[in-house]
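Chemist:
Protein chains: 2
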Amino acid sequence: MQSGERRTTLADVAAEAGVSVALASIVMRGAAGAGAATRERVLEVAQRLGYQPDSRARLLRSGRTRLLGVVFDVRHPFHTDLLTGLYDAAGAVGYELTLSAVTPRRDERTAIDGLLQDRCEALILFSPRSRTADLAALAARLPVVAMMRTVRQRAVDVVRTDDTRGSELAVDHLVELGHRHIVHLDGGTLPGAAERRRGYQDAMKRHGLAGLIRVIPGGSGEDDGARAAERLLPEPPTAVTVFNDLSATGLLDVLRGHGHPVPGGGGPGFHGGISVVGYDDSSFSRLAHINLTTVAQDVEALAAGAVRRAVARIEGTDVEHREVVIEPRLIVRGTSGPAVPR
Amino acid sequence: MQSGERRTTLADVAAEAGVSVALASIVMRGAAGAGAATRERVLEVAQRLGYQPDSRARLLRSGRTRLLGVVFDVRHPFHTDLLTGLYDAAGAVGYELTLSAVTPRRDERTAIDGLLQDRCEALILFSPRSRTADLAALAARLPVVAMMRTVRQRAVDVVRTDDTRGSELAVDHLVELGHRHIVHLDGGTLPGAAERRRGYQDAMKRHGLAGLIRVIPGGSGEDDGARAAERLLPEPPTAVTVFNDLSATGLLDVLRGHGHPVPGGGGPGFHGGISVVGYDDSSFSRLAHINLTTVAQDVEALAAGAVRRAVARIEGTDVEHREVVIEPRLIVRGTSGPAVPR
DNA sequence: ACCCGACTCTAGAACGTTCTAGTCGGATGT
DNA sequence: ACATCCGACTAGAACGTTCTAGAGTCGGGT
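Here the protein sequences line up with chains A and B, keeping their order. Under the numbering used here, the first residue of the first sequence is numbered 3, with each subsequent residue one higher. Under the numbering used here, the first residue of the second sequence is numbered 3, with each subsequent residue one higher.
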């Protein structure tokens with residue numbers, strides 16, 4: 003039905019309102035230089051004809067797109083949380099977001115290429131897996147902000163949580179509850195894993211527990227946590243700090259299945275068991291049913307930082323540091339409790 | 003650093019290669035009409051100058067965008083699952099996806115407007131909350147595919163799961179396990195809720211349990227499920243079918259908290275308790291720790307159906323039905339088990 | 001009466017591509 | 001030897017905006 007007719011253009015509106023295209027353009031984008039009466043008439047006509055500006059043409063001409071490209075991964079619940087914050091932050095400074103998703107069958111390179119063709123003015127990458135060299139090459143063409151990971155490359159901006167500090171918070175919390183045998187379930191080479199590991203190690207040393215440091219290889223998935231749990235069972239610790247929430251739930255599950263109670267799972271008044279602290283405060287970790295003690299990343303601060311950084315680069319008003327580091331926060335929920343003496 | 007220099011355009015490539023812009027264009031889009039030697043030379047130059055085509059200009063001229071606009075909600079885990087399938091389906095037929103998210107502070111109208119400005123050729127809306135009249139108005143301008151809900155409007159295409167059938171599957175399963183006192187936790191006016199309610203009612207009647215039909219108002223969030231559970235406790239059923247997974251976990255939680263065991267939560271060999279069946283097979287429901295019996299929507303079929311429908315409308319090769327209904331599948335996990343006689 | 005500035009409006013170029021309608025040689029067919 | 005055709009290539013318009021430069025008009029100050 004609508005296939006035949008062309009969509010209404012600015013020229014149509016101008017003709018119908020009896021003004022020039024240029025004036026119609028002025029009215030539509032709310033610029034100065036149009037009489038009140040004319041303005042009203044043009045707007046009325048535009049409304050009536052269902053005029054919708056063509057952003058492609060607009061941006062083609064004006065050079066600017068005011069568009070920030072965002073690459074996120076559909077598998078990571080935290081990424082969608084972050085998107086919410088990003089929309090807010092971008093809207094506040096008059097920028098739009100264009101999204102490109104990484105999926106199990108669509109890699110980061112493909113996602114990025116899609117955005118480049120859209121001529122966004124900067125790229126914001128969530129936990130990018132690309133090699134530093136590739137990111138650097140990209141950054142030579144447009145501002146690039148990497149989130150949730152460090153990039154040792156001057157041209158690439160970084161906005162991340164202080165993950166070392168995050169792990170320290172987790173360990174401090176557990177030590178305060180009386181735990182000493184604390185294991186770290188690692189994230190290997192994943193973005194942020196090195197920092198989280200180091201935070202654990204530093205905190206253990208600081209508490210005089212250097213001799214009890216124990217790092218178990220893991221990953222980002224639930225099954226990684228479950229597998230790691232099996233390796234833990236022969237000689238169980240009293241507490242575990244985990245690379246992320248998903249892995250933590252996998253761990254929890256196996257622990258409970260083998261009769262190792264976890265605080266919160268034992269009913270009110272229960273004490274002891276193996277405490278587990280996750281990382282990310284993913285939306286599912288908040289589910290009352292999981293109720294995971296975890297290290298929260300400050301979504302709003304991360305989003306605001308990324309947008310501020312990208313916009314500064316675009317508009318050349320650079321003053322701040324290349325790396326923006328956000329303070330994490332410990333969210334104490336049900337999976338951490340006092341240690342029982344062994 | 004890159005702020006000063008213009009980005010390289012087709013004209014730059016053409017000049018450097020010593021050919022006309024038109025010929026460069028031919029080469030870049032792989033069209034016929036260029037000599038082999040020239041073709042190679044132009045490609046080499048393009049590579050060297052780091053030429054990246056400007057999709058806006060390209061599409062502005064050619065009219066076509068081969069772009070499908072997708073509106074999804076960041077709060078709905080199932081939506082991101084569906085995105086994965088959609089990228090695959092669109093890629094297979096040579097279309098691109100452009101995403102626009104609904105967030106707690108960014109409504110559907112805003113998300114849709116963003117896509118319209120991008121001049122996508124069709125809109126695919128995940129569980130749209132817009133009124134039928136608004137959808138119809140939209141459909142007058144471009145093909146619109148509504149997913150996961152019915153729309154009584156000829157101009158709007160629909161791709162959805164047979165939700166009535168889905169609820170029936172859930173009830174059938176429970177009845178087979180010996181349950182009779184089965185409650186439905188409702189989704190009110192949310193997309194799909196009416197069908198799921200009706201499926202429950204139909205199945206109950208079919209099993210001669212019309213007298214035991216009991217529908218409790220609920221919603222889509224975890225807290226909706228928790229609230230509903232409180233209303234259920236005074237006179238507990240032996241099983242509940244729930245509008246969606248999130249609400250189901252909220253319900254589960256309160257039930258367990260009040261000492262009502264749920265199958266799977268009572269350890270191996272346990273029998274009886276209140277069975278709970280969710281809806282969606284959201285990624286978190288698969289977590290071993292939640293392990294929810296649920297009705298799965300066929301992501302691939304839904305995605306493929308939506309793309310096929312949208313493309314058919316765009317290209318005018320319409321033959322199929324306006325409404326594509328996909329068969330659901332019951333996923334039996336841990337939260338459903340045999341009924342104990344009351 | 002004249003000029004000036006402010007205001008409203010317009011013509012036309014520009015953005016980077018694709019598309020249409022060609023031109024130009026050279027091979028082919030008779 | 002001449003028309004014909006084909007492949008390689010090009011000039012310039014077109015897409016729907018925004019931007020630049022300037023044209024009218026009006027009122028007020030000298």
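The beta carbon of each residue, even a glycine, is placed where N, CA and C say it ideally should be.
Does the beta-carbon of Leu125(B) have 16 or more other beta-carbons within 10 angstroms, so that it is buried, or is it exposed?
Modeler: buried
Chemist: Which value, in whole angstroms, describes the spacing of the CA atoms of His323(B) and Glu329(A)?
Modeler: 54 Å
Chemist: Quick one: which unbroken beta strand (DSSP E) runs of 3-plus residues sit fully inside the region 74 to 160 of chain B? Chain order, please.
Modeler: 98 to 104, 124 to 128 and 146 to 149
Chemist: In the structure shown, what three-state DSSP assignment does Ala231(A) receive?
Modeler: helix
Chemist: Quick one: Cα of Pro263(B) to Cα of Arg154(A), how far?
Modeler: 52 Å
Chemist: At which residues does the beta strand (DSSP E) containing Thr295(A) begin and terminate?
Modeler: Thr295 to Ala298
Chemist: With DSSP collapsed to three states, give me the class of Arg68(A).
Modeler: coil
Chemist: Measure from the alpha carbon of Asp56(A) to the alpha carbon of each residue in Thr11(A), Thr82(A), Arg331(A) and Ser64(A), then state which is nearest.
Modeler: Residue Thr11(A) is the option with its Cα nearest to Asp56(A).
Chemist: Counting along the chain, where does the alpha helix (DSSP H) carrying Ser277(B) start and finish?
Modeler: Note, Ser277(B): premise wrong, no alpha helix (DSSP H); beta strand (DSSP E) at Ser277 to Asp282.
Chemist: Below 8 Å on the Cβ atoms is my guess for Ala195(B) versus Gly189(B); work out the distance and round it to an integer in Å.
Modeler: Contact holds; Cβ gap of about 3 Å.
Chemist: Name the DSSP bridge partner or partners of Ile333(B)?
Modeler: Thr296(B).
Chemist: Give me, in chain order, the residues of the same chain whose beta-carbon lies closer than 7 Å to that of Gly269(B); leave out the 5 immediate sequence neighbours on both sides.
Modeler: No answer about Gly269(B) holds up, because its pLDDT of 42 lies below 50 and its placement is not dependable.
Chemist: Under 8 Å, with one C-beta from each stretch per pair, do the region 326 to 342 of chain A and the region 228 to 241 of chain A reach the 3-pair mark?
Modeler: yes
Chemist: Within its chain, find whatever has a CB closer than 6 Å to the CB of Ala26(A); leave out the 5 residues flanking it on each side and keep chain order.
Modeler: Leu12, Val15, Ala16 and Val44
Chemist: Under the three-state reduction of DSSP, which class applies to Leu171(B): helix, strand or coil?
Modeler: helix
Chemist: Does any residue of chain A have a CB that is nearer than 7 Å to the CB of Arg151(B)?
Modeler: no
Chemist: Is the Cβ-Cβ distance between Leu294(B) and Asp247(B) less than 7 Å?
Modeler: yes
Chemist: How many Å lie between Leu304(B) and Val297(B) at the Cα?
Modeler: 14 Å
Chemist: Residues in its own chain within less than 6 Å of His273(A) by CB, not counting five upstream and five downstream?
Modeler: For His273(A), the predicted structure reports a pLDDT of 43, less than 50, and the residue's modelled location is therefore unreliable. The matter cannot be settled from this model.
Chemist: Confirm, please, whether the CB-CB distance from Met149(B) to Ala306(B) is below 7 Å.
Modeler: Taking a C-beta distance under 7 Å as the contact criterion, Ala306(B) and Met149(B) do not qualify as a contact pair.
Chemist: Just to confirm, is the Cβ distance from Arg68(B) to Glu98(B) under 7 Å?
Modeler: yes
Chemist: Within 7 Å of any Cβ in chain B, is that where the Cβ of Ala230(A) sits?
Modeler: no
Chemist: With a cut-off of 7 Å, does the C-beta of Leu304(B) fall near any C-beta of chain A?
Modeler: Under the Cβ distance rule, Leu304(B) does not count among the residues neighbouring chain A, no pair being separated by less than 7 Å.
Chemist: Applying the 10 Å Cβ sphere with the 16-neighbour rule, what's the burial state of Ser222(B)?
Modeler: buried
Chemist: With a threshold of 7 Å between beta carbons, is Phe245(B) in contact with chain A?
Modeler: no
Chemist: Going by CA-CA distance only, name the one from Glu123(B), Asp90(B), Phe74(B) and Glu237(B) that's closest to Arg111(B).
Modeler: Out of Glu123(B), Asp90(B), Phe74(B) and Glu237(B), Phe74(B) has the C-alpha closest to the C-alpha of Arg111(B).
Chemist: Counting only Cβ-Cβ distances shorter than 9 Å, please list the residues of the region 204 to 220 of chain B near chain A, keeping chain order.
Modeler: none
Chemist: Distance check for Thr100(A) and Pro193(B), CA to CA, integer angstroms please.
Modeler: 26 Å
Chemist: Please confirm if the region 139 to 146 of chain A is in contact with the region 198 to 212 of chain A, defined as three or more CB-CB distances below 8 Å between the two stretches.
Modeler: Flag = no, the region 139 to 146 of chain A and the region 198 to 212 of chain A do not touch.
Chemist: Run through DSSP, which three-state label would Val256(B) get?
Modeler: DSSP places Val256(B) in helix when its eight states are reduced to three.
Chemist: Rounded to whole angstroms, what's the CA-CA distance from Arg310(A) to Ala24(B)? Just pull it up for me.
Modeler: 40 Å
Chemist: Looking at C-alpha atoms only, which residue of Ser169(A), Gly71(A), Leu187(A) and His209(A) is the closest neighbour of Gln220(A)?
Modeler: For clarity, residue 220(A) is Gly in the given sequence; the question names Gln instead. Ranking the options by Cα distance to Gly220(A), first place goes to Leu187(A).
Chemist: Would Gln49(B) count as contacting chain A if we go by Cβ distances under 7 Å?
Modeler: no
Chemist: Just the chain A side, please: which residues come within less than 7 Å of Thr251(B) by C-beta, in chain order?
Modeler: Leu289 and His291
Chemist: Here's the rule: buried if 16 or more other CB atoms are within 10 angstroms of the residue's CB, otherwise exposed. What is His181(B)?
Modeler: By the neighbour-count criterion, in which 16 or more other beta carbons inside 10 Å mark a residue as buried, His181(B) falls on the buried side.
Chemist: Please state whether DSSP places Val44(B) in a helix, a strand or coil.
Modeler: helix
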